[in-house]
Amino acid sequence: MTPETGPNATALRRDALAERVALFGLSLPALLLVTVTMIIPVVWLFWLSFLADDGTFSLEHYRRLIEQASYGRIFRATFEISAIATFICVLLGYPLAYVMSQLPPRIASLCMIGVLMPFWTSILVRTYAWLVLLQRQGLINSWGIRLGLWDEPLALVHNVNGTLIGMVHIMLPFLILPLYGSMRAIDRDYLKAAANLGASPTRAFWQVFFPLSLPGLLAGSLIVFILCLGFYVTPAVLGGGKVIMVANRIANDIEIFFNWGAASALGVVLLALTAIILFVAGRLVRLDRLFGGHAP
Amino acid sequence: MSWLDHPASDTQITHRSRIWLYLAAAIVMGFLVLPTLIVVPMSFSASQYLEFPPRQWSLRWYENYFNSAAWMQATVTSVKAGALTALVATPLGTLAAYGLFVSRLRGAGLVMSVLLTPIVVPVILVGIGVFYAYVRIKLVNTLTGLVLAHSMLAVPLVVMVVTSALKSYDMNQEMVARSLGASRPRAFLLVTLPQIRLAVMTSAVLAFLTSFDEVVVAMFISGGDNSTLTRNMFNALRDQIDPTIAAISTVMIAISSLLILLSQALGRSGGRR
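From first to last, the protein sequence lines stand for chains A and B.
Following my numbering from start to finish, the first sequence increments by one per residue and tops out at 296.
Following my numbering from start to finish, the second sequence increments by one per residue and tops out at 1273.
Put into structure tokens, the structure is as follows:
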């Protein structure tokens, strides 16, 4: 667009730059909003986490995180639950994404509505649905007993089981979307070539298709795991107060103990862990796949 | 030879030998969709214990909901907060997405990642952080404070949806408009905006739903006359299973689904011109 030489070149370049700066300025209102309502408050919490009760600088909140065994247990539980939920999401999500990726586009987009439906129903509504389904006299238990699958009502809710079921249900679309996107993008000629060269269907899948789908699978698992680490509502409702993940402990520290320092320190550690995982994983997979897979 | 023995994919596997796969996929799809839908018939049950299928149908939980001043007030707050969030986040996010996409300055990538951070920062941290800051500037329990916080949560979604629409839009059209004498704002409003309207409308709906469905931040910063529907539901859920919540859930599912369908329908009819 801009001529590189000629008498007006400098002036034109300056105009172009001025316009680009003005366009850049269009992002400032949004940037201001995010800065005021997120970045400043989080930095403020970071600051609070280094203050003792009398307002002096101290590391006591972090020391307590290390010394008290209960915090170690909470972090271990959070990691375990998140890892198991991610694993179950992979087990359930992979076959569905695989079948969907081979359907004709029109039927696949119908299935996509099913996958996306949870996105526009509140987490709370879905958590409530599971609470109703999984309780002692709930649908799952009463049908299970009527069909003779088990005799006594199973403890499906107000414990880790219920928390996991609810978390998997909420996180599954986050795994399926990037995975489906990357499966659709795989060049099918590779599979034809494999079949042509005599590979059995199983072998063609494991040696050709599966490795090519790994970037999408990794990106999906990563976002699921990270979002699981910060879960609050599901453990609070379906865990019935028995499942304490980091976010629940943070809320308890504020609501019950009014201990801002302790809550902030926990929050800082949670945020740091998230950032480290994102950073390390960002070197392994292309991060834009995390969110880029949305529009099919 | 039945269709079962035809090759099902490029690996030449037959449908028959992978029926188990279709079954697995169907079960997972059921797991995704059914639990939410099953709340709908249950909400019309007459019994305290939400049976399925209900032995006796009734509207008593809906009566409970619509006759309760507290639930109604919370519903109004949530709808107001959602609408205002859409009104704030959609223009801010659209402008930012457009500006960053077109300017291509070196800092654009950095600003973009800052605008997307609300997605990865654990929402509990946002909740207590905003609460702490709002106590000091007296915004706790106000609609303004709630809308600002929810808009911040919605901005990344708007930015993502609009940016991906801009990527598939041919920016040369705007160049043509400008070479014909239209100013940059005029070219944007008359040429670019009409063509990305589906994305803008979708992102407005997403912004509304982000606020309407949000629990954790609302739990900390909304209260009194301005407590949201989800906040009240969450508090009720922690105590006992009140069937009124099934009725409220059904209403929420209806509102969300209607909005999504509406935005799609509007976008489609606009795109055909």
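We put the CB at the ideal spot given by N, CA and C, even for glycine.
These figures come from a predicted structure and were not determined experimentally.
When you compare the CB positions of residue i and residue j, do they come within less than 9 Å of one another, or not?
i: Ser1058/B; j: Thr1244/B; result: no
i: Val1130/B; j: Gly1145/B; result: yes
i: Thr121/A; j: Asp1242/B; result: no
i: Trp260/A; j: Leu103/A; result: no
i: Ala1097/B; j: Val1162/B; result: yes
i: Leu191/A; j: Ser1009/B; result: yes
i: Ser1211/B; j: Gly1082/B; result: yes
i: Val1158/B; j: Thr1090/B; result: yes
i: Val115/A; j: Met1029/B; result: yes
i: Tyr62/A; j: Met112/A; result: no
i: Ala251/A; j: Ile1128/B; result: yes
i: Tyr1065/B; j: Ile1260/B; result: no
i: Ser1164/B; j: Ala1199/B; result: yes
i: Ala265/A; j: Ser49/A; result: yes
i: Ala1025/B; j: Pro95/A; result: yes
i: Leu271/A; j: Val42/A; result: yes
i: Arg1231/B; j: Ala1246/B; result: no
i: Leu139/A; j: Phe1052/B; result: yes
i: Leu1004/B; j: Ile1027/B; result: no
i: Phe1031/B; j: Val233/A; result: no
i: Lys242/A; j: Asn159/A; result: yes
i: Pro235/A; j: Ile81/A; result: yes
i: Leu1092/B; j: Pro29/A; result: yes
Look at the alpha carbon of residue i and the alpha carbon of residue j, and state the distance between them as a whole number of angstroms.
i: Asn161/A; j: Glu60/A; result: 35 Å
i: Thr1202/B; j: Ala22/A; result: 27 Å
i: Leu1100/B; j: Ser27/A; result: 7 Å
i: Glu1253/B; j: Tyr1062/B; result: The sequence shown places Ile at residue 1253/B, rather than the Glu named in the question. Between Ile1253/B and Tyr1062/B, the C-alpha separation is close to 14 Å.
i: Leu131/A; j: Thr1085/B; result: 30 Å
i: Thr1011/B; j: Leu1105/B; result: 47 Å
i: Leu1153/B; j: Ser1078/B; result: 15 Å
i: Tyr1022/B; j: Leu156/A; result: 27 Å
i: Ala11/A; j: Arg20/A; result: 14 Å
i: Gly267/A; j: Met38/A; result: 13 Å
i: Pro217/A; j: Ala97/A; result: The sequence given here places Leu at residue 217/A; Pro does not occur at that position. One C-alpha to the other measures close to 10 Å.
i: Ser101/A; j: Ala16/A; result: 44 Å
i: Val1155/B; j: Val1126/B; result: 14 Å
i: Leu1110/B; j: Phe24/A; result: 12 Å
i: Arg1197/B; j: Phe1188/B; result: 12 Å
i: Ser1045/B; j: Pro1054/B; result: 5 Å
i: Leu1226/B; j: Ile1137/B; result: Sequence inspection shows Asn at residue 1226/B; the Leu mentioned does not correspond to that position. Their Cα atoms are separated by approximately 17 Å.
i: Met1072/B; j: Arg203/A; result: 59 Å
i: Ala328/A; j: Val208/A; result: Shown here, chain A extends from 1 to 296; a query on residue 328/A therefore has no answer.
i: Val1039/B; j: Phe210/A; result: 37 Å
i: Thr1142/B; j: Ser1047/B; result: 38 Å
i: Pro1118/B; j: Val90/A; result: 25 Å
i: Ala1236/B; j: Met117/A; result: 25 Å
i: Val1216/B; j: Val280/A; result: 28 Å
i: Tyr1049/B; j: Val34/A; result: 44 Å
i: Met1042/B; j: Val269/A; result: 42 Å
i: Asp1239/B; j: Val237/A; result: 9 Å
i: Gly1271/B; j: Leu1262/B; result: With a pLDDT of only 47 at Gly1271/B, under 50, the local geometry of the prediction cannot be trusted, and the value read off the model is given with reservation. Near 14 Å, if we compare the C-alpha coordinates of Leu1262/B and Gly1271/B.
i: Phe57/A; j: Pro215/A; result: 44 Å
i: Glu314/A; j: Thr1036/B; result: With chain A represented from 1 up to 296, any question about residue 314/A goes unanswered, as that position is not in the structure.
Among the options, which one has its Cα closest to the Cα of residue i?
i: Leu1115/B; options: Ala1133/B, Gln1012/B, Thr1094/B; result: Thr1094/B
i: Ser213/A; options: Asn259/A, Ile123/A, Leu12/A, Leu177/A; result: Leu177/A
i: Phe75/A; options: Gly220/A, Arg249/A, Ala219/A, Gly216/A; result: Arg249/A
i: Val125/A; options: Gly1030/B, Ser1263/B, Trp1020/B, Leu1034/B; result: Leu1034/B
i: Leu229/A; options: Val208/A, Ala52/A, Ile244/A; result: Ile244/A
i: Ala247/A; options: Pro105/A, Ala77/A, Ala52/A, Arg184/A; result: Ala77/A
i: His1015/B; options: Phe57/A, Val99/A, Leu48/A, Ala52/A; result: Val99/A
i: Ile1087/B; options: Ser1151/B, Leu1266/B, Ser1045/B; result: Here residue 1087/B is Leu; the residue named in the question, Ile, does not match the sequence. Measuring from the Cα of Leu1087/B, the nearest candidate turns out to be Ser1151/B.
i: Ile254/A; options: Ala1026/B, Ile1124/B, Ser1047/B; result: Ile1124/B
i: Gln135/A; options: Val42/A, Ile165/A, Arg188/A, Glu80/A; result: Ile165/A
i: Val1135/B; options: Gly1223/B, Ser1256/B, Glu1174/B, Ala1265/B; result: Gly1223/B
Would you say the beta carbon of residue i comes nearer than 8 Å to a heavy atom of the ligand SAM?
i: Tyr1134/B; result: Within the structure as shown, the ligand SAM is missing, as the structure has no ligands at all.
Over what stretch of residues does the alpha helix (DSSP H) that includes residue i continue unbroken?
i: Tyr62/A; result: 60-67
i: Asn1235/B; result: 1229-1239
i: Asn252/A; result: 246-255
i: Phe46/A; result: 40-48
i: Trp143/A; result: 139-146
i: His1006/B; result: Run containing His1006/B: none; DSSP gives neither H nor E here.
i: Gln207/A; result: Careful: Gln207/A lies outside any alpha helix (DSSP H) and carries neither H nor E.
Under 9 Å, Cβ to Cβ, is there at least one residue of chain D near residue i?
i: Gln1073/B; result: The question asks about chain D, but that chain is absent: this structure's protein chains are A and B.
Worksheet item: Is the segment 222-231 of chain A in contact with the segment 86-99 of chain A, if contact means three or more CB pairs nearer than 8 Å?
Response: yes
Practice prompt. Decide yes or no for the touch test of the segment 172-192 of chain A against the segment 62-76 of chain A: beta carbon pairs closer than 8 Å, at least 3 of them.
Written response: At 8 Å Cβ cutoff, the stretches do not touch.
Worksheet item: Looking at C-beta atoms only, is the number of pairs between the segment 225-241 of chain A and the segment 191-199 of chain A that lie closer than 8 Å three or more?
Response: no
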